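To start, the structure under review is shown below, and the notes come after it.
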Ligand code: ADP
Ligand code: MG
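Numbering (my numbering), first residue to last: 3 to 337.
Next up, the structure:
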């Protein structure tokens with residue numbers, strides 16, 4: 003008989019609340035969720051929504067007001083309950099990286115490993131530098147690196163030890179677009195290879211959609227939706243979620259009516275890619291007010307009866323500004 007861990011969840015956050023001593027509400031409020039072992043969980047929310055507060059609480063760096071965090075079923079102790087705040091079986095990469103700025107890149111990473119097996123120490127450090135594409139920086143001091151390079155060193159440093167839970171706070175905030183795509187893919191690959199569970203916090207919804215096995219959306223300190231990225235995208239529970247994840251079009255029901263949509267709810271919400279464009283004449287004609295170039299596609303700003311919507315055009319320049327086009331809103335959500 004196999005002895006599986008009692009619980010497949012590595013983390014359980016239960017009714018967690020933390021309010022900072024400020025006039026207005028700030029912090030997090032009554033947040034509960036579980037994290038499955040081996041998953042990448044992406045926590046997405048605007049700046050100030052409470053993401054770092056949540057991450058630091060999980061690691062045991064913040065004294066929470068209410069609720070608890072279980073790590074493998076055991077309560078995570080707060081900073082007032084132990085000598086050195088933080089959990090020894092988790093690694094956190096905070097927004098300030100916490101690197102030894104006078105030491106070289108190589109030594110920063112290698113310092114995490116014991117000297118008992120020097121060869122293995124060297125191999126692991128080399129491998130992790132390759133993973134994060136920083137081999138060429140090995141002999142540079144941290145002070146000689148860009149923010150994005152420091153960020154990669156910090157991630158390498160956290161990953162080089164066999165940690166079971168990695169907490170990343172805005173790991174792509176300082177890297178530019180090209181590198182960000184690489185780094186996202188790298189983290190996904192490393193997580194799959196090592197089986198490490200990752201909680202990644204970001205203000206960029208694209209990070210969550212790309213990386214997350216689970217997506218958690220927080221707004222004003224509250225968890226507003228949780229699920230697989232594709233599910234959350236297609237079944238947003240709030241208008242806000244659809245706007246954040248897919249730049250959705252939001253219409254009042256009166257406006258929707260002018261487009262021939264009868265809705266029971268107060269508002270009608272749809273993503274631009276849910277609008278079907280057709281050439282030809284019919285009563286559902288829209289005027290193309292503007293065309294936004296987006297690379298491999300264009301977004302059209304369309305107007306009908308004084309109501310504007312947006313649609314995606316994959317065949318570039320098929321419809322141009324001032325053209326008339328038939329648009330069918332085949333799918334929409336009501337709120
Ligand atoms: P995020 O990481 O999503 O940007 P934070 O968790 O850092 O958000 O902060 C959430 C809210 O709590 C913000 O309004 C922030 O100003 C406030 N806050 C964070 N840390 C403190 C603190 N030490 N004292 C007072 N307010 C804080
Ligand atoms: Mg933050």
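We treat Cβ as the ideally placed atom computed from N, Cα and C, and that holds for glycine.
Predicted model only: the values in this text are computed from it and were never measured.
For residue 41, the CB contacts under 7 angstroms within the same chain, skipping 5 residues up- and downstream, are 199, 215 and 216 in chain order. Residue 320 has its alpha-carbon roughly 48 angstroms from the corresponding atom of residue 28. The set of residues with any CB-heavy atom separation to the ligand ADP below 6 angstroms comprises, in chain order, 22, 24, 28, 29, 47, 49, 50, 51, 52, 53, 54 and 55.
A Cβ-Cβ contact shorter than 8 angstroms links residue 80 with residue 65. At least one heavy atom of the ligand MG lies closer than 7 angstroms to the C-beta of residue 97. Under the 10 Å beta carbon count, residue 257 is surrounded by 16 or more other beta carbons and is classified as buried.
Sorting 34, 35, 51 and 12 by C-alpha distance to the C-alpha of residue 222 places 51 at the top.
Taking residue 248 as the centre and dropping the five residues before and after it, the same chain places the C-beta of 235 and 273 closer than 7 angstroms to its C-beta, in chain order. By alpha-carbon distance to residue 75, the top candidate from 286, 31 and 36 is 36. By the Cβ-count criterion, residue 89 is buried, with 16 or more other Cβ atoms from all chains shown falling within 10 Å of its own Cβ. Burial is judged here by how many other beta carbons sit within 10 angstroms of a residue's own beta carbon; residue 308 has fewer than 16 and is exposed. When DSSP assignments are scanned along the region 204 to 279, the uninterrupted stretches of beta strand (DSSP E) that are 3 or more residues long and fall wholly within it turn out to be 216 to 221, 224 to 229, 251 to 254 and 269 to 272.
The C-alpha of residue 328 is placed about 43 angstroms away from the C-alpha of residue 53. Collapsing the DSSP output to three states places residue 32 in a strand. Counting only the Cα atoms, residue 106 lies some 32 angstroms from residue 45. One thing to note: residue 260 has its Cβ no nearer than 8 angstroms to the Cβ of residue 290. Selection 125, 242, 286 and 241 evaluated against residue 263 yields 286 as nearest (Cα-Cα).
Under the three-pair Cβ rule at 8 angstroms, the region 136 to 148 does not count as touching the region 17 to 34. The alpha-carbon separation between residue 301 and residue 168 amounts to approximately 38 angstroms.
Within the DSSP bridge table, the entry for residue 92 names 167 as partners. Annotated three-state conformation of residue 21 is strand, per DSSP. Distances from the CA of residue 315 to each of 137, 203, 297 and 17 were compared; the closest alpha carbon is that of 297.
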